[in-house]
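Okay, structure first, notes after.
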Amino acid sequence: MKRIELHPEAEEDVEQAVSYYEERRSGYGSKFLDNYVSATSFIRQFPESGTRYYERVLFTTLNDFPYSIFYLNLERSIFVLAVIHDRRRPGFWLDRLKGAQFD
Numbered sequence: 136m137k138r139i140e141l142h143p144e145a146e147e148d149v150e151q152a153v154s155y156y157e158e159r160r161s162g163y164g165s166k167f168l169d170n171y172v173s174a175t176s177f178i179r180q181f182p183e184s185g186t187r188y189y190e191r192v193l194f195t196t197l198n199d200f201p202y203s204i205f206y207l208n209l210e211r212s213i214f215v216l217a218v219i220h221d222r223r224r225p226g227f228w229l230d231r232l233k234g235a236q237f238d
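Each residue of the sequence shown is one higher than the one before, counting from 136 in my numbering.
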């Protein structure tokens with residue numbers, strides 16, 4: 136199985152979402168994180184199962200939250216570019232592809 140690597144801003148995306156949901160309701164930050172971990176585990180097993188978004192970028196959605204994980208299926212890893220709320224401006228994070236260090 137491939138390892139998961141995160142763009143530094145994708146790490147921030149996850150941290151911000153966990154904080155946001157935990158502030159709204161105790162335990163929801165953990166629930167978000169559990170959903171995220173479940174989704175990334177699925178991606179690791181079935182990397183091509185995501186929907187094509189842009190060129191090589193694929194995405195999948197979280198089950199219980201309005202968030203999507205955007206990633207690249209690389210030779211040795213899955214590189215997560217963004218973990219974004221579905222109502223945010225589409226593609227604003229595409230500049231993360233520039234200069235990203237992966238594989």
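For glycine and all other residues, C-beta sits at the position ideal for the given N, C-alpha and C.
Can you tell me whether DSSP reads Ser203 as helix, strand or coil? Stepping through the sequence shown from its first residue, residue 203 is reached at position 68. Strand at Ser203.
Helix, strand or coil for Glu210, going by three-state DSSP, please let me know. In the sequence shown, counting from the first residue as 1, residue 210 sits at position 75. Assigned with DSSP and collapsed to three states, Glu210 falls in coil, not helix or strand.
Considering just the uninterrupted stretch of the alpha helix (DSSP H) at Phe177, what are its terminal residues? Along the sequence shown, read from residue 1 onward, the residue named residue 177 stands at position 42. Per DSSP, Phe177 belongs to the alpha helix (DSSP H) from 163 to 180.
Could you give the DSSP three-state label for Arg231: helix, strand or coil? Here residue 231 corresponds to residue number 96 of the sequence shown, with the count starting at 1. Helix, per DSSP.
Arg179 and Ile139 look like a contact to me (Cβ under 8 Å); what is the Cβ gap, rounded to whole Å? The sequence position of residue 179 within the sequence shown is 44, counting from 1. The sequence position of residue 139 within the sequence shown is 4, counting from 1. About 6 Å separates the two Cβ atoms, so the contact holds.
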